[in-house]
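Peer 1: Numbering (my numbering), first residue to last: 2 to 474. Beta carbons are placed, not taken as given, at the ideal position from N, Cα and C, and that holds for glycine. Pasting in a structure now, in structure tokens, and then I'll have a few things to ask.
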């Protein structure tokens, strides 16, 4: 296996003012081995990495160079792969495949990364400034508000790098950063075409039989590498350097994760018009087909009543199947980016599915309404009756009892304020449980101390306080 390390000192003509990396980190690895089970022999293994040693200093670029199949990507995966929180939070990884949520714009992709992967203590204004500077550094400002879908390979590669830069990691890994780029773009990222002759690629001296691995082993560079790795601060922690530690698994708080995930899914559904129009068209066609099958039916006899009940059961199952199956295309489209972001601990998986569910609900409502509006009149049912049931169900849900007012998401608070049941319920609750005049000794119900309260509410609260704090009445 041929593997060479090159540490390049570099500087920028224009030093970035906002884009910066986190805590300065020295990356070192010594005598690194990696084996996988042999596909031909059950008890045997294949060594993919054999005693690899190296280091990377802060403020430098370290290039892994070698022929195809030499193990460059494997080495990077092993170094960047540990599951410790400190490693995940402090590193960024640009993979060979450019994977993004394609319904977002370039600016939205960088903003998503900045807000969810930078520490919550960083002001929002600095995060927005960081996004703008990343766009300028990567020459993406002119297409910042363009949807990612349909972009060229070169633009996608720059976006991949920008997404990781916006997170401001301490260590940035780039796997094949020039893959898919034209000569001009690749030269801007890394000017290393001369390495082709060393590794025997391209046009060069194919008769060169030099064993570079053996040559490096007996070189002064190899001895210097061993000396450096044994120094304090490389493979041994330095006593003067504080440990790299993070209190939380993810940088952003729960509210920020939920906010940006809901916005992303809203943009996906809104910008994918063909997806929603297709599901609406299917609902309309199913309503017509089922309506034709039962048009003119009467429900007076035993047989007709059972037929009608079977019809309602069948349509309910069909609509459930359509609603579930219609989510599959979006799930498949976003699956790759979800795996990448989950690996980087960008957000909690729970908020991902909550965001997808909340955005899906209005579209399911419209889809069902289109079906019912066509199907029910054709089979002799009253559309008004089913609409009354749906509206009354919504009113009951948003009365403020279950869920309590304090637990209703902000995006649905307008339904809570429009619900007529809420005002009647609030009046009755305030009269019965809210009567607690000042100076009362506890004779009124509202002034009595509650017992058996959950730990999160405390032990010294009155009935009136609980009513006001939980139900806002």
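Would residue 335 be called buried (16 or more neighbouring beta carbons within 10 Å of its own) or exposed?
Peer 2: With 16 or more other Cβ atoms within 10 Å, it is buried.
Peer 1: Over what stretch of residues does the beta strand (DSSP E) that includes residue 31 continue unbroken?
Peer 2: Segment 28-38, the beta strand (DSSP E) holding residue 31.
Peer 1: Using 8 Å as the Cβ pair cut-off and three pairs as the minimum, do the region 285-301 and the region 370-378 touch?
Peer 2: Taking 8 Å as the limit for Cβ pairs, the verdict is that the region 370-378 does touch the region 285-301.
Peer 1: Restricting to runs no shorter than 3 residues, where is the beta strand (DSSP E) found entirely within the region 92-149?
Peer 2: Complete beta strand (DSSP E) runs here, min 3: 92-95.
Peer 1: Taking Cβ to Cβ, would you say residue 258 is nearer than 9 Å to residue 117?
Peer 2: Against a cut-off of 9 Å, the Cβ pair of residue 117 and residue 258 comes out as a contact.
Peer 1: Can you name, in chain order, every residue of its own chain whose Cβ lies under 8 Å from the Cβ of residue 511, other than the five neighbours on each side?
Peer 2: Residue 511 is absent from the model: the chain starts at 2 and stops at 474.
Peer 1: Classify residue 99: buried if its beta carbon has 16 or more other beta carbons within 10 angstroms, exposed otherwise.
Peer 2: Result: buried.
Peer 1: Would you give the residue range spanned by the alpha helix (DSSP H) that residue 81 belongs to?
Peer 2: Counting along the chain, the alpha helix (DSSP H) containing residue 81 begins and ends at 73-81.
Peer 1: Given this structure, state the Cα-to-Cα distance separating residue 79 from residue 158, to the nearest angstrom.
Peer 2: About 22 Å.
Peer 1: For residue 48, which three-state DSSP category applies?
Peer 2: Here residue 48 sits in strand by DSSP.
Peer 1: What three-state label does DSSP hand residue 3 in the structure shown?
Peer 2: Model confidence at residue 3 stands at a pLDDT of 33, short of 50, so the residue's coordinates are unreliable and nothing is read from them.
Peer 1: Under 8 Å by Cβ, that's how I've got residue 106 and residue 140 pegged, so tell me the actual separation to the nearest angstrom.
Peer 2: The Cβ separation is near 16 Å, so there is no contact.
Peer 1: Rounded to a whole number of angstroms, what is the C-alpha to C-alpha distance between residue 345 and residue 417?
Peer 2: So the two alpha carbons sit approximately 37 Å from each other.
Peer 1: Evaluate residue 232 with the Cβ neighbour count: other Cβ atoms within 10 Å of its Cβ, from every protein chain shown; 16 or more gives buried, anything less gives exposed.
Peer 2: Exposed.
Peer 1: Assign residue 76 to one of two classes, buried (16 or more other C-beta atoms within 10 Å of its C-beta) or exposed (fewer than that).
Peer 2: That one is buried.
Peer 1: Can you tell me whether residue 1 is helix, strand or coil according to DSSP?
Peer 2: In the structure displayed, the chain extends from 2 to 474; residue 1 sits before or after that span and is not available.
Peer 1: Which residues does DSSP pair with residue 359 in a beta bridge?
Peer 2: Partner(s): none; residue 359 has no beta bridge.
Peer 1: Do you know whose CA, among 150, 58, 113, lies nearest residue 132's CA?
Peer 2: Residue 113 is the option with its Cα nearest to residue 132.
Peer 1: What three-state label does DSSP hand residue 62 in the structure shown?
Peer 2: Reduced to three states, the DSSP call for residue 62 is strand.
Peer 1: Taking only the alpha-carbon atoms, compute the straight-line gap between residue 357 and residue 321 and give it to the nearest angstrom.
Peer 2: Rounded to whole angstroms, residue 357 to residue 321 spans 17 Å at the Cα level.
Peer 1: Decide yes or no for the touch test of the region 347-354 against the region 400-407: beta carbon pairs closer than 8 Å, at least 3 of them.
Peer 2: Not touching, per the Cβ criterion.
Peer 1: For the beta strand (DSSP E) that contains residue 172, what are its first and last residues?
Peer 2: From DSSP, the beta strand (DSSP E) with residue 172 extends over 172-175.
Peer 1: On the DSSP bridge assignment, give the partners of residue 57 in chain order.
Peer 2: According to DSSP, which records beta bridges pairwise, residue 57 is partnered with 28.
Peer 1: Would you tell me roughly how many angstroms separate the C-alpha atoms of residue 220 and residue 226, rounded to the nearest one?
Peer 2: When rounded, the distance between both Cα atoms is 10 Å.
Peer 1: I'd like to confirm the pairing. Which residues does DSSP put opposite residue 463 in its beta bridges?
Peer 2: 450.
Peer 1: Taking residue 33 as the reference, give the member of 41, 55, 414 with the closest Cα.
Peer 2: Among 41, 55, 414, the Cα nearest to that of residue 33 belongs to 55.
Peer 1: Going by DSSP in three states, residue 328 sits in which element: helix, strand or coil?
Peer 2: If DSSP states are grouped into helix, strand and coil, residue 328 belongs with coil.
Peer 1: Taking the alpha-carbon of residue 337 as reference, which of 261, 137, 223, 103 has the nearest alpha-carbon?
Peer 2: For residue 337, the nearest C-alpha among the options comes from 103.
Peer 1: Hey, quick one: how far does the alpha helix (DSSP H) through residue 277 stretch, first residue to last?
Peer 2: Unbroken alpha helix (DSSP H) run through residue 277: 274-295.
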